[in-house]
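Asks: Residue numbers (my numbering), protein chains in the order written: chain Z, 18 to 157; chain A, 823 to 943.
Where a beta carbon is used, it is the ideal one built from N, C-alpha and C, also for glycine.
Keep in mind it's a predicted model, so treat the numbers as computed, not measured.
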Ligand SMILES: Nc1ncnc2c1ncn2[C@@H]1O[C@H](COP(=O)(O)OP(=O)(O)O)[C@@H](O)[C@H]1O
Ligand SMILES: [Mg+2]
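1. By DSSP, does residue 940 of chain A sit in helix, in strand, or in coil?
2. What in chain Z is Cβ-close to residue 778 of chain A, meaning under 8 Å?
3. Excluding sequence positions up to five away, which residues of its chain have a Cβ less than 8 Å from the Cβ of residue 829 of chain A?
4. Is there at least one non-hydrogen atom of ligand 2 closer than 7 Å to the beta-carbon of residue 68 of chain Z?
5. Can you grab the Cα-Cα spacing for the pair residue 885 of chain A / residue 871 of chain A, in whole Å?
6. Could you tell me whether the Cβ of residue 105 of chain Z comes closer than 8 Å to any Cβ of chain A?
7. I need the straight-line Cα distance from residue 856 of chain A to residue 118 of chain Z, nearest angstrom please.
8. What residues match up with residue 139 of chain Z in a beta bridge as DSSP calls it?
9. Taking 7 Å as the cut-off, does the CB of residue 108 of chain Z come closer than this to any heavy atom belonging to ligand 2?
10. Which residues mark the beginning and the end of the beta strand (DSSP E) in which residue 59 of chain Z is found?
11. Looking at the C-beta of residue 856 of chain A, does it have a partner C-beta in chain Z at a distance below 8 Å?
12. Any C-beta of chain Z sitting closer than 8 Å to the C-beta of residue 943 of chain A?
13. Taking 8 Å as the cut-off, does the segment 899-918 of chain A touch the segment 847-854 of chain A (at least 3 CB pairs, one atom from each stretch)?
14. Look at the Cβ atom of residue 883 of chain A, then the Cβ atom of residue 120 of chain Z, and state whether they are nearer than 8 Å.
15. If you reduce the DSSP assignment to three classes, tell me which class residue 830 of chain A lands in.
16. Is the distance from the Cβ of residue 71 of chain Z to the Cβ of residue 35 of chain Z below 8 Å?
17. Please confirm whether any heavy atom of ligand 2 lies closer than 7 Å to the CB of residue 96 of chain Z.
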């Protein structure tokens, strides 16, 4: 499989376009011949992290890297950061506003979903500086 | 169950997907939580939902959900229909509530996603 690296930007609070980057990533992975199950897992991880940047983060930068045997998605933003990372990963924990809940988010399942659908994740977040989530998914 | 049978059972108005009436639906799933959709819905699954915002369409596309039903007669706006068209996602509106729509489909022979697990682990 061809190797590739691509960068995208994600705007905070832009609910009109929220999710479009992940859909682009999904189409790209499909066109590269990645198997449907892997495409699905990578797309879910991308989408949950894109929505988190839109809802809670700052200016976001998405990087997709596809290697011979690994997909890497790096989702970084310069927003308020995550106070307690362990708590944020607990199922059901969410600081979503009523508006976010109204559009179907805020179940506190985003980060747990990312964990479940990836092979490895690294999180770095500092209060007031932002958040970086690096997601790895093995190909085969 | 074919998409056309689902439209009949739900007395639904098909807003997109007229070229996909023969598509096979293997299971149904009802939710208003997008993380649930992302986690549980997948290829062959019919999603029933009470939400009509654009994130429903995007969550369905991302999870590879086969078709979407908006319950209790909630009509999505043109933007949403346009997004569904763009992604080739069949969408329809049923006058029935979530419970009744699910019951009618179950009675018609469609089952839930319990036998089909989407995610690994
Ligand atoms: N990029 C981010 N910047 C700041 N806070 C975040 C970010 N991503 C997640 N969080 C925090 O972690 C919580 C849990 O996230 P998640 O599991 O995706 O659930 P939900 O999106 O339903 O709230 C969020 O409610 C938010 O407080
Ligand atoms: Mg989330």
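Replies: With the given structure in hand:
1. Confidence at residue 940 of chain A is low in this model, with a pLDDT of 43, below 50, so the placement of that residue should be treated as unreliable; the coordinate-derived value is given next. Of the three classes helix, strand and coil, the one that applies to residue 940 of chain A here is coil, per DSSP.
2. No answer is possible for residue 778 of chain A: it lies beyond the span of chain A, which begins at 823 and ends at 943.
3. 836, 843, 914
4. yes
5. 15 Å
6. Taking Cβ atoms only, chain A never reaches closer than 8 Å to residue 105 of chain Z, which makes this a no.
7. 10 Å
8. Z/151
9. Checking the Cβ of residue 108 of chain Z against ligand 2 gives no.
10. Per DSSP, residue 59 of chain Z belongs to no beta strand (DSSP E); it is in the alpha helix (DSSP H), 53-73.
11. Closer than 8 Å: yes.
12. Confidence is the limiting factor: at residue 943 of chain A the pLDDT is only 33, short of 50, which leaves the residue's position unreliable and the question unanswerable from this model.
13. no
14. Going by beta carbons, residue 883 of chain A and residue 120 of chain Z fall outside the 8 Å limit.
15. helix
16. yes
17. Judged by the Cβ position, residue 96 of chain Z fails to qualify as a neighbour of ligand 2 at the 7 Å threshold, every heavy atom of the ligand being at least this far.
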